[in-house]
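J.:
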């Protein structure tokens with residue numbers, strides 16, 4: 014990772030008030046980038062964007078809905094981006110069951126709006142579109158998905174992201190072939206401090222521990238590619254550095270998943286948290302299968318990322334969970350969370 018590469022680069026991040034978007038904004042700010050964010054306003058007072066006071070840290074923060082093309086175009090054009098990370102999305106599988114129309118409009122129409130606008134942004138050299146590990150046609154077999162495997166899905170969220178992949182492929186072929194690099198990034202189940210989403214394992218655990226209420230473990234035997242947000246974002250950053258000057262040709266998408274030993278069950282992750290807090294002796298656990306259909310096995314093959322851009326997962330599952338829990342512990346102590354988030358990033362950089 015080259016700090017000088019990012020100094021004074023004009024970077025636009027959609028979804029910067031979200032979990033991964035806020036972490037990425039903080040990291041690129043640390044590297045000297047001129048970060049502009051476009052997103053919906055923070056959803057609650059605990060939002061990582063709010064508690065890190067990120068609005069005053071980055072160059073500019075613009076609140077709008079990416080479904081509004083007119084407002085989005087004005088914001089994108091005014092920022093004159095050289096690099097764009099698109100993370101704004103409806104990111105939850107279960108939420109897509111509850112509100113499929115908003116999921117489709119945000120993920121597909123919102124991305125289409127952005128790509129159409131980007132055609133005419135001359136300063137823009139790199140476009141990174143974040144999708145998901147759930148874009149693959151998953152037959153519940155114990156396989157590691159590669160980038161060229163068949164795409165598909167059974168839920169609205171997964172299909173919306175598959176549609177985004179197809180949309181990007183079309184725009185790349187028709188409009189961005191010669192003058193812009195455009196990649197889709199597929200990451201595993203990302204964990205880390207500052208995620209307060211409902212129906213996610215660690216945020217649900219934290220809320221249960223805080224309120225001393227029953228903790229519901231959904232689908233305890235399901236296997237997921239768990240990885241810490243810092244590990245994931247390091248891959249995103251490297252992807253830009255390695256492709257900005259078109260040193261790597263014909264690269265269209267990259268998987269960012271953990272080492273094979275980090276592909277563990279929901280219960281494995283829960284056991285790590287229970288051990289740290291002796292939680293089980295205080296709170297009752299309810300273990301049940303979800304009424305919403307979710308695939309049992311999901312794994313990613315990240316050999317392409319290793320071979321082409323030199324990325325591989327550095328944080329094992331135990332450390333990933335403990336880093337996440339430590340972040341929440343610092344939050345409940347009412348410490349400066351911007352400084353502590355920076356501390357975790359700096360510690361990762363110094364070790365790797």
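Residue numbers (our numbering): 14 to 365. We put the beta carbon where it would ideally sit given N, CA and C, even for glycine. Predicted model, so just to flag it, every value in this text is computed and none were measured.
1. Using alpha carbons as the reference points, say which of 350, 244, 177, 193 lies closest to residue 364.
2. Under 8 Å by Cβ, that's how I've got residue 279 and residue 214 pegged, so tell me the actual separation to the nearest angstrom.
3. How about residue 307 and residue 177: are their beta carbons less than 8 Å apart?
4. Could you check if residue 350 is buried or exposed, using at least 16 other CB atoms within 10 Å of its CB as the buried criterion?
5. Mind checking which residues open and close the beta strand (DSSP E) that includes residue 239?
6. Give the secondary structure of residue 50 by DSSP, where H, G and I count as helix, E and B as strand, and everything else as coil.
7. Do you know offhand how far residue 137's Cα is from residue 223's?
8. Compute the beta-carbon to beta-carbon distance between residue 267 and residue 313, rounded to the nearest angstrom, for a pair I have assumed lies under 8 Å.
9. With which residues is residue 139 paired in a DSSP beta bridge?
10. By DSSP, does residue 164 sit in helix, in strand, or in coil?
11. With the cut-off set at 8 Å, would you say residue 94 and residue 198 are in Cβ contact?
12. Assuming residue 110 contacts residue 147 (C-beta within less than 8 Å), just tell me the rounded distance between them.
13. By Cβ distance below 6 Å, which residues in the same chain neighbour residue 205 in space, the five residues on each side in sequence not counted?
14. Are the beta-carbon atoms of residue 66 and residue 311 separated by less than 8 Å?
15. Ends of the alpha helix (DSSP H) at residue 220?
16. Ordered along the chain, which non-local residues of its own chain (more than five positions away) have a Cβ less than 7 Å from that of residue 19?
17. State the Cα-Cα distance for the pair residue 202 and residue 237, rounded to the nearest angstrom.
18. Looking at C-alpha atoms only, which residue of 182, 71, 143, 113 is the closest neighbour of residue 248?
19. Between the alpha carbons of residue 128 and residue 180, how many angstroms are there, rounded?
20. Count the other C-beta atoms from every protein chain shown that fall within 10 angstroms of the C-beta of residue 62, then say buried if there are 16 or more, exposed otherwise.
21. From which residue to which residue does the beta strand (DSSP E) around residue 230 run?
T.: By the coordinates alone:
1. The residue given as residue 364 occupies position 351 in the chain shown. With distances taken between Cα atoms, residue 364 lies closest to 244.
2. As a first step, residue 279 must be located in the chain shown, where it is residue number 266. As a first step, residue 214 must be located in the chain shown, where it is residue number 201. Correct: roughly 6 Å between the Cβ atoms.
3. Here residue 307 refers to the residue found at position 294 of the chain shown. Here residue 177 refers to the residue found at position 164 of the chain shown. For residue 307 and residue 177, no; Cβs fall outside 8 Å.
4. Position 337 of the chain shown, counted from the start, is the residue given in the question as residue 350. Residue 350 is buried by the Cβ-count criterion.
5. Taking the chain shown and counting its residues from 1, one reaches residue 239 at position 226. Looking at the DSSP string, the run of the beta strand (DSSP E) that includes residue 239 is 236-241.
6. Here residue 50 refers to the residue found at position 37 when the chain shown is read from its first residue. Three-state DSSP puts residue 50 in a strand.
7. Taking the chain shown and counting its residues from 1, one reaches residue 137 at position 124. Taking the chain shown and counting its residues from 1, one reaches residue 223 at position 210. Distance between the alpha carbons of residue 137 and residue 223: 44 Å.
8. The residue given as residue 267 occupies position 254 in the chain shown. The residue given as residue 313 occupies position 300 in the chain shown. About 10 Å; that fails the 8 Å criterion.
9. Working through the chain shown from its first residue, we reach residue 139 at position 126. In DSSP, residue 139 forms a bridge with 96, 194.
10. Here residue 164 is taken as the residue at index 151 of the chain shown, counted from 1. In the structure shown, residue 164 sits in a strand (DSSP, three-state: E or B).
11. Taking the first residue of the chain shown as position 1, residue 94 is located at position 81. Taking the first residue of the chain shown as position 1, residue 198 is located at position 185. Their beta carbons are not under 8 Å apart, which means residue 94 does not touch residue 198 by this criterion.
12. Start at 1 with the first residue of the chain shown, and residue 110 comes out as number 97. Start at 1 with the first residue of the chain shown, and residue 147 comes out as number 134. With a Cβ gap of about 14 Å, residue 110 and residue 147 do not count as contacting.
13. Within the chain shown, numbered from 1, the residue matching residue 205 stands at position 192. The answer, listed in chain order, is 241, 242, 337.
14. Position 53 of the chain shown holds residue 66. Position 298 of the chain shown holds residue 311. In this structure, residue 311 does not lie closer than 8 Å to residue 66 by Cβ.
15. Here residue 220 is taken as the residue at index 207 of the chain shown, counted from 1. Run containing residue 220: 214-224, per the alpha helix (DSSP H) assignment.
16. Indexing the chain shown from 1 puts residue 19 at position 6. Answer for residue 19: 41, 44, 45, 46, listed in chain order.
17. On the chain shown, position 189 is the one that residue 202 refers to. On the chain shown, position 224 is the one that residue 237 refers to. Here the C-alpha atom of residue 202 lies approximately 6 Å from the C-alpha atom of residue 237.
18. Position 235 of the chain shown, counted from the first residue, corresponds to residue 248. Nearest option by C-alpha distance: 143.
19. As a working mapping, residue 128 is identified with position 115 in the chain shown. As a working mapping, residue 180 is identified with position 167 in the chain shown. When rounded, the distance between both Cα atoms is 9 Å.
20. Taking the first residue of the chain shown as 1, we reach residue 62 at position 49. Residue 62 counts as buried, since at least 16 other C-beta atoms from the protein chains shown sit within 10 angstroms of its C-beta.
21. On the chain shown, residue 230 is found 217 positions in, with the first residue counted as 1. For residue 230, the enclosing beta strand (DSSP E) starts and ends at 228-231.
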